[in-house]
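Asks: Quick one: structure below, then a few questions.
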Amino acid sequence: MKIVLTIFLIIFSLVITFSQASVVDFCVADYTAPNGPAGYSCKSPAKVTVDDFVYSGLGKVGNTSNIIKAAVTPAFDAQFAGVNGLGISVARLDFEPDGVVPLHTHPGASEVIVVVQGTLCAGFVSSENKVYIKTLR
């Protein structure tokens, strides 16, 4: 009985140790490591700074002098180390009148649009090929 209890306590300790080790608060992108299919490796927590969680690139108006009269400024993990591994990204879109973003996909992802000024006709096509369109103000 004593051996069974000892083995149980060892296994329980290992399970608790490894289950706690796999939980992390964040995974800031380590740009010195290669970017793989699962994203960037995590920067050592000792090297993480508050600046890893701040991105100011969305404060600038994008260059809309192009054929689609639109600009996309991304804040994905490649630009914003703090969102690495979270499954989220942010982007700023700037449009001239009659500007467009061509039809595109986001497999397995979602998109939220906030209109700060003006109006925008936005929409999406569902997996069942149903079209949803709305003018956002």
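Read in order, the letters of the sequence shown are residues -21 to -1, 1 to 116 in mature numbering (1 follows the signal peptide of the UniProt record, and there is no 0).
No residue lacks a Cβ here, since even glycine has one placed at the ideal position from N, Cα and C.
Within a Cβ cutoff of 6 angstroms, which residues of the same chain sit near Asp73, ignoring the five residues on either side of it in sequence?
Replies: Within the same chain, Asp73 has close Cβ partners Val40, Gly41, Thr43, Ala50.
Asks: Indicate the three-state DSSP secondary structure (helix, strand or coil) for Val110 in the structure shown.
Replies: Three-state DSSP puts Val110 in a strand.
Asks: Classify Lys113: buried if its beta carbon has 16 or more other beta carbons within 10 angstroms, exposed otherwise.
Replies: Exposed: under 16 other Cβ atoms inside 10 Å.
Asks: Provide the residue(s) that pair with Arg71 in DSSP beta bridges, ordered along the chain.
Replies: Note: Arg71 sits in a beta bridge opposite Thr52.
Asks: Please identify the residue among His85, Pro86, Val79, Leu115 whose C-alpha is closest to the C-alpha of Val93.
Replies: Cα-wise, what sits closest to Val93 is Leu115.
Asks: Quick one: measure Cβ to Cβ for Gly36 and Thr52, integer angstroms, because I've assumed they're closer than 8 angstroms.
Replies: Correct: roughly 6 angstroms between the Cβ atoms.
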